[in-house]
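Below is one structure, written out as structure tokens; the observations come after it.
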Amino acid sequence: MIDCLIVGAGPAGLSAAIACAENGLSTMVLDEFMKPGGRLLGQLHEEPNGIWWNGIDEAEKLYQRAKALSISFHLETSVCHLEKVDGKYWTLHTDKGKFSGKNLLIATGAAEQSLPIPGWTLPGVMSIGAAQVMANVHRVKPGHRGIVIGVNVLSAAIARELLLAGVNLEGIVLPPRYLLTKGQSEPKDVFQSLLHMVHLAPSHLMKIGGKMALKSSFIRKMAVGTYPKKGFKVWGMPIKLKQTVTEIIGKENVEGVKVASVDSSGNIIEGSEEILPVDFVCISGGLYPLAELVSLAGCPFKYIPSLGGHVPVHDHNMQTPVEGLYVAGNVTGIESAKVAMAQGHLAGLSISSQKNKVSDGEALQNARESVVSTRTNALIHFHPDILDGRRRLYG
Amino acid sequence: MENENVIICRCEEVTFKEICDTLKQYNCSSREVKLRTRAAMGYCGGRSCRSFVDTLVAEFSRRPRADDVQLKYRPPVRPMPFKTLGGE
Amino acid sequence: MKTLRIKKHPILGPDDFRNTVAFTYNGKTINALEGDTLAAALLANGIRSLRAHEESGSPRSFYCNIGHCFECRVTVNGKEGVRACLTPVSRGVVVESGKKLPLPFKDGGEK
Chain A
1 MIDCLIVGAG PAGLSAAIAC AENGLSTMVL DEFMKPGGRL LGQLHEEPNG
51 IWWNGIDEAE KLYQRAKALS ISFHLETSVC HLEKVDGKYW TLHTDKGKFS
101 GKNLLIATGA AEQSLPIPGW TLPGVMSIGA AQVMANVHRV KPGHRGIVIG
151 VNVLSAAIAR ELLLAGVNLE GIVLPPRYLL TKGQSEPKDV FQSLLHMVHL
201 APSHLMKIGG KMALKSSFIR KMAVGTYPKK GFKVWGMPIK LKQTVTEIIG
251 KENVEGVKVA SVDSSGNIIE GSEEILPVDF VCISGGLYPL AELVSLAGCP
301 FKYIPSLGGH VPVHDHNMQT PVEGLYVAGN VTGIESAKVA MAQGHLAGLS
351 ISSQKNKVSD GEALQNARES VVSTRTNALI HFHPDILDGR RRLYG
Chain B
1 MENENVIICR CEEVTFKEIC DTLKQYNCSS REVKLRTRAA MGYCGGRSCR
51 SFVDTLVAEF SRRPRADDVQ LKYRPPVRPM PFKTLGGE
Chain C
1 MKTLRIKKHP ILGPDDFRNT VAFTYNGKTI NALEGDTLAA ALLANGIRSL
51 RAHEESGSPR SFYCNIGHCF ECRVTVNGKE GVRACLTPVS RGVVVESGKK
101 LPLPFKDGGE K
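Chains as they are written, first to last, in the UniProt record's numbering: chain A, 1 to 395; chain B, 1 to 88; chain C, 1 to 111.
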């Protein structure tokens, strides 16, 4: 029987598999995508030192290390159910048969949170991540000219990648204001989150308000007041905090979007509506942990908005209260791929230390510290209160 | 927003208005919204819309979101032919 | 219309050396590149619509592109419910879009 089954071949799953195999555990990795790497695939950003982080290369490096350690891979394999047999071992039910193992690590990452907008079922409307995968992994542009709805760290990062790939974008605008877009449709709220992206366009944002504006809602409102109506350009593409898409139009495919100007509270300014012709639309409402398998395994959850919603309860060694069940990566809360890799490494060591009956060794301690330092030094924080969210889990 | 007929559950084509009307009438749980409207009951297993349903339930009930997952995950989490599920 | 294929990329480099693979979609021959998913190959050929909603008939395409939303499900060699976004193309494969279904259980079998 396999010592460790890992669901998810992303940065967390691959890193965990390597740590398990290096410590003598027989390890199997399953993933439904045809390539290993998970959402590392397609990530592309410039580090402060000017070097490009290319997720495809990073995924390939991890995969080659895993292959060299004789880890078995089952790609294009969907896990649809799991069970603990006789309280002793786990069995995964997949579309390619059953697989059993003594320990189970779930590293299924995140799913995209959308924003329902009139017309969003039309062909040509897609999640922002879908466009990233289409362009950077499959090397097909999502369309000839598009617009991004939802101003956040994820949409800004991927919009830049799309521009690099030669995709034409109108810009990034807000979703229409209603119950399901709360916090993402009012310029004064979104402005605050934009300030966490100061590194994207330092001169513009510092001029408008800089970090000061974070501190008081009054100053924030004033700052939004001075926000240019046409937005400001980042990499030649405008981020329009005072424009919203009210409807996506088309018959068989997307033909355009109806846009309107809004005031700092998100109220539509009458007479400002116009139609922009586009053939694709990307929607970005953020990410949430994809924890359905963890739930089926009987693990309790905690609702922590700064981590993306419901996250499985687990300790600082990535172990859940369910014996033999571990978690790592975005399924534990939304953070960057580097944090996921550090968490995966820690989870792998944690599983190995149980199996090899090693006490809480130095390696485990180092791995825990590495997670914390990677988190603290992360270039992009998906949520400003991540550290607080983590404290709620680990105490 | 002008258009209350925006689709929330893409699989079952359940609209914002249908869910809000259900909540106004019954002030019910996510599970009851699902059973009454079919939102989150479709092919994707609620992966795309479960959080919208939870958000609307929290708004209407004015209760904070609970730690427990509101719409219980049930196997299979990917649609599978019965043959695959039942073994041989 | 200009191709949607990204042949050159400043960081990812060129994408030049893939063989052509032909398959059929709703009876039409589609030229794909080896390694394409069905969804990517169809998009590169200008085809977005992958199915009609079973009840309303509204056109649908891929939405999440990584297997979560099931919006891109098609029939491949007779097998229903196959996600076009996760399925690599293979030579000669027969792909059909999902169709609007009659609803005998809703309106008493009326056509």
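Ideal Cβ positions, reconstructed from N, Cα and C, are used throughout, including at glycine.
In this text the structure is predicted, and so the values were computed from the model without any measurement.
Could you spell out the range, first to last residue, of the alpha helix (DSSP H) harbouring residue 121 of chain A?
What you label residue 121 of chain A is simply residue 121 of the first sequence in a count that begins at 1. From DSSP, residue 121 of chain A is part of no alpha helix (DSSP H); its letter is neither H nor E.
Name the two residues that bound the continuous beta strand (DSSP E) containing residue 343 of chain A.
For the purposes of this step, residue 343 of chain A is identified with residue 343 of the first sequence, where counting begins at 1. Residue 343 of chain A -> not in any beta strand (DSSP E); alpha helix (DSSP H) instead, spanning 337–355.
Note the first and the last residue of the continuous alpha helix (DSSP H) segment covering residue 368 of chain A.
Numbered from 1 along the first sequence, position 368 holds the residue referred to as residue 368 of chain A. Element bounds for residue 368 of chain A: 362–376.
Cα-Cα, which of A:259, A:277, A:278 and A:280 is closest to residue 270 of chain A?
For the purposes of this step, residue 270 of chain A is identified with residue 270 of the first sequence, where counting begins at 1. Checked all of A:259, A:277, A:278 and A:280; the closest Cα to residue 270 of chain A is A:259.
What does DSSP give as the partner residue(s) for residue 127 of chain A in the beta ladder?
Position 127 of the first sequence, counted from the start, is the residue given in the question as residue 127 of chain A. Among the bridge pairs identified by DSSP, residue 127 of chain A is matched with A:283.
Just tell me which of A:306, A:287, A:288 and A:312 has its CA closest to the CA of residue 298 of chain A.
Position 298 of the first sequence, counted from the first residue, corresponds to residue 298 of chain A. Ranking the options by Cα distance to residue 298 of chain A, first place goes to A:312.
Which residue's Cα is closest to the Cα of residue 353 of chain A: A:94, A:317 and A:274?
The residue you call residue 353 of chain A lines up with position 353 of the first sequence. The option with the nearest alpha carbon to residue 353 of chain A is A:317.
Just to confirm, is the Cβ distance from residue 119 of chain A to residue 248 of chain A under 7 Å?
In the first sequence, counting from the first residue as 1, residue 119 of chain A sits at position 119. In the first sequence, counting from the first residue as 1, residue 248 of chain A sits at position 248. Yes. Within cutoff.
Spell out the partners DSSP gives residue 319 of chain A in its beta bridges.
By 1-based counting over the first sequence, the position of residue 319 of chain A is 319. The partner list for residue 319 of chain A (beta bridge, DSSP) reads A:326.
Considering only residues of the stretch 72–110 of chain C, which uninterrupted beta strand (DSSP E) runs meet the minimum length of 3 residues and lie entirely inside it, listed in chain order?
73–76, 79–83 and 94–97
Using a Cβ cut-off of 7 Å, pull out every chain A residue sitting near residue 48 of chain B, in sequence order please.
Taking the second sequence and counting its residues from 1, the one referred to as residue 48 of chain B is at position 48. Neighbours of residue 48 of chain B on chain A, chain order: 114.
Spatial neighbours of residue 304 of chain A within its chain, please: C-beta separation below 6 Å, excluding the five flanking residues on both sides.
Numbered from 1 along the first sequence, position 304 holds the residue referred to as residue 304 of chain A. Hits under 6 Å: 311, 389 and 392.
Report yes if the C-beta distance between residue 334 of chain A and residue 361 of chain A is below 7 Å; otherwise report no.
Taking the first residue of the first sequence as position 1, residue 334 of chain A is located at position 334. Taking the first residue of the first sequence as position 1, residue 361 of chain A is located at position 361. For residue 334 of chain A and residue 361 of chain A, no; Cβs fall outside 7 Å.
Cα separation between residue 67 of chain A and residue 58 of chain A?
Numbered from its first residue, the first sequence carries residue 67 of chain A at position 67. Numbered from its first residue, the first sequence carries residue 58 of chain A at position 58. Looking at the two C-alpha atoms, the distance is approximately 14 Å.
Counting only Cβ-Cβ distances shorter than 7 Å, please list the residues of the stretch 301–329 of chain A near chain B, keeping chain order.
301, 302, 303, 309 and 310
Could you check what DSSP says for residue 419 of chain A in three-state terms: helix, strand or coil?
The displayed coordinates of chain A run from 1 to 395. Any statement about residue 419 of chain A would go beyond what the structure contains.
Taking residue 47 of chain B as part of the alpha helix (DSSP H), name the residues at either end of that continuous run.
As a working note, residue 47 of chain B is residue 47 in the second sequence. Residue 47 of chain B -> no alpha helix (DSSP H), and no H or E assigned at all.
Under DSSP, the alpha helix (DSSP H) around residue 191 of chain A begins and ends at which residues?
By one-based count along the first sequence, residue 191 of chain A stands at place 191. 187–194 is the extent of the alpha helix (DSSP H) around residue 191 of chain A.
What's the C-alpha gap between residue 328 of chain A and residue 107 of chain A?
Locating residue 328 of chain A in the first sequence gives position 328, where the first residue counts as 1. Locating residue 107 of chain A in the first sequence gives position 107, where the first residue counts as 1. Each residue's alpha carbon lies about 5 Å from the other.
In terms of residue numbering, what span does the alpha helix (DSSP H) encompassing residue 76 of chain B cover?
Counting from 1 along the second sequence, the entry for residue 76 of chain B is found at position 76. Premise fails: residue 76 of chain B is in no alpha helix (DSSP H) and is neither H nor E.
Going straight from the alpha carbon of residue 265 of chain A to that of residue 160 of chain A, what length do you get?
Reading the first sequence from its first residue, position 265 is the one you call residue 265 of chain A. Reading the first sequence from its first residue, position 160 is the one you call residue 160 of chain A. Taking the straight line from one Cα to the other gives about 27 Å.
Between residue 13 of chain C and chain A, is there a C-beta pair that is closer than 7 Å?
One-based indexing of the third sequence puts residue 13 of chain C at position 13. False, the Cβ-Cβ gap to chain A never drops below 7 Å.
Going along the chain, which residues of its own chain have a beta-carbon closer than 7 Å to the beta-carbon of residue 62 of chain C, five neighbours each way excluded?
Position 62 of the third sequence, counted from the first residue, corresponds to residue 62 of chain C. The residues are 39, 50, 71, 72, 84 and 85.
For residue 261 of chain A, which beta-bridge partners are listed by DSSP?
Reading the first sequence from its first residue, position 261 is the one you call residue 261 of chain A. According to DSSP, which records beta bridges pairwise, residue 261 of chain A is partnered with A:243.
Considering only their Cβ atoms, is the gap separating residue 31 of chain B from residue 22 of chain B smaller than 7 Å?
As a working note, residue 22 of chain B is residue 22 in the second sequence. As a working note, residue 31 of chain B is residue 31 in the second sequence. Contact flag unset, no.
Assign residue 300 of chain A to one of three DSSP states: helix, strand, or coil.
As a position in the first sequence, residue 300 of chain A is number 300, starting the count at 1. Three-state result, residue 300 of chain A: coil.
So what does residue 394 of chain A bridge to, in DSSP terms?
Locating residue 394 of chain A in the first sequence gives position 394, where the first residue counts as 1. In the DSSP output, where bridge partners are listed per residue, residue 394 of chain A has none listed.
Thinking C-alpha only, which one of A:7, A:171 and A:32 is nearest residue 128 of chain A?
Here residue 128 of chain A refers to the residue found at position 128 when the first sequence is read from its first residue. Ranking A:7, A:171 and A:32 by Cα distance to residue 128 of chain A puts A:171 first.
I want to check one thing, is the minimum distance from the CB of residue 66 of chain B to the heavy atoms of the ligand ZN below 6 Å?
The ligand content of the structure shown is nil, which means the ligand ZN is not present either.
Report the rounded CA-to-CA distance for residue 124 of chain A versus residue 320 of chain A, giving the unit in angstroms.
Counted from its first residue, the first sequence places residue 124 of chain A at position 124. Counted from its first residue, the first sequence places residue 320 of chain A at position 320. Approximately 40 Å, taken between the alpha carbons.
Between the stretch 6–39 of chain B and chain C, which residues of the former have CB atoms less than 7 Å from a CB of the latter, in chain order?
10 and 13
Going by the DSSP bridge assignment, what does residue 111 of chain A pair with across the sheet?
Along the first sequence, read from residue 1 onward, the residue named residue 111 of chain A stands at position 111. In DSSP, residue 111 of chain A forms a bridge with A:288.
Got a sec, what are the start and stop residues for the alpha helix (DSSP H) residue 155 of chain A sits in?
If you number the first sequence from 1, residue 155 of chain A lands on position 155. Looking at the DSSP string, the run of the alpha helix (DSSP H) that includes residue 155 of chain A is 153–164.
Would you mind working out which of A:296, A:343, A:150 and A:190 sits nearest residue 92 of chain A, comparing C-alpha positions?
Numbered from 1 along the first sequence, position 92 holds the residue referred to as residue 92 of chain A. Minimum Cα distance to residue 92 of chain A is reached at A:296.
Can you give the Cα-Cα distance for residue 74 of chain A and residue 14 of chain B, rounded to whole angstroms?
As a first step, residue 74 of chain A must be located in the first sequence, where it is residue number 74. As a first step, residue 14 of chain B must be located in the second sequence, where it is residue number 14. Taking the straight line from one Cα to the other gives about 36 Å.
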